[in-house]
Amino acid sequence: MRMIARLAAAASALAALALPAGPSLGQTAPYSVAETGRSYTRLQDAVDAIGNGKGTILFASMRFSDCAVQTQGEITYKAKVPGQSVLDGVACEDKAALVLRGRSAAVEGMVFANIRVADKNGSGIRLEGGNLSVTQSWFRDSEQGLLAGENPQGTIVIDKSTFTRLGTCEGGGGCAHSIYVGNYGALIVTRSRFEAGAGGHYAKSRAQRVAILDCSFDDSRGRGTNYMVDLPDGATGKIADNWFVQGRDKENYSAFIAVAAEHRNHSSEGLEIEGNNARFAPGIERNSAFVADWSGDNLRLSGNVLGPGLKRYERR
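When you line the sequence shown up against mature numbering (1 follows the signal peptide of the UniProt record, and there is no 0), it's residues -26 to -1, 1 to 290, in that order.
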């Protein structure tokens, strides 16, 4: 019996030596790098481990009071179970839960919540360079969902994602929005939902090209909101097959879609706006323009179904 006990103890010791560094047995590693299998307790450590390479960070199903800055490489941030990994309430560099300025980043199945900072631009994601793709993610209850800087050669793709209770005009530097994209090469948003905005615009983009397709913009519970889609510098591309409902509590209800309201830095020639359904929420009677255009370019509007009180097009 003593020999058996000694053998069992030795086997246990060897097994313990074979285990990788990380949480003890029975615990879930907060973060792990898929390519190496290594586990980390801080998100920044996992990001730094990938460095200038390419890798995927897997997130456990839990709520994280954490954030990270990516300065290089190509990193995918992926929830093991979509919708169950929440970056909650912590911003790096007083900006966002994820501050991205590497070559590229992808976000899959993540939730970003309750991000607030001193300048009222607290975001789930702050994109400062490179390409970005976001899928099956939820941005909620923050000052901004996605805030992107300038990269005329870059592309941002958002698919199957939701933006809820975002935006504010309380900041001294202007309004925050559900999405605000600077002078990027292209913004593509598909099969996504925008709802219950808390100020600003739902999607504001200075990108040269846009594709906003098969999305829903439900402003029925919005508070102090503005346009559904704002292209302040103009843009080419397509806005098609979307569903728009404008609510009662508006900072500006004069239009659903605005083109070149601030500048004409990009041509809007041939911008297609087609197959959309737009109306006011039940019980609201007012007049508004579905498309307000400051560009003077030839926009192509066709097949849009508009509710009472909506003017198809207005040149401003």
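Beta carbons: idealized from backbone N, C-alpha and C, even for Gly.
This one's a predicted model, so the numbers in the text were calculated from it and none came from an experiment.
The bridge partners DSSP lists for S190 are R167, W217. The Cβ atoms of K54 and A34 lie closer than 8 Å to each other. Judged by DSSP secondary structure, L17 falls outside any beta strand (DSSP E) and instead within the alpha helix (DSSP H) spanning 17 to 24. S241 sits close to T210, with the two beta carbons spaced by under 8 Å.
CA-CA distance, F264 to Y287, rounds to 6 Å. Across the structure, G244 and G159 are spaced so that their CA atoms are roughly 17 Å apart. If you look at N239, you'll find it isn't in any beta strand (DSSP E); DSSP assigns it neither H nor E. Counting other Cβ atoms within 10 Å of its Cβ, S39 stays below 16 and is therefore classed as exposed. In this structure, S97 places its C-beta atom within 8 Å of the C-beta atom of A70. Taken atom to atom, the span from the alpha-carbon of N88 to that of N278 is near 36 Å. Sequence-distant partners of N272 (beyond 5 residues in either direction) whose C-beta falls short of 7 Å from its own C-beta, in its chain, are E243, G244.
A residue is called buried when at least 16 other Cβ atoms come within 10 angstroms of its Cβ; N226 does not meet this threshold and is exposed.
With a beta-carbon spacing of about 4 Å, G171 and G196 fall inside the 8 Å limit used to define contacts. Of the residues W217, K224, H237, the one whose Cα lies closest to the Cα of E248 is W217.
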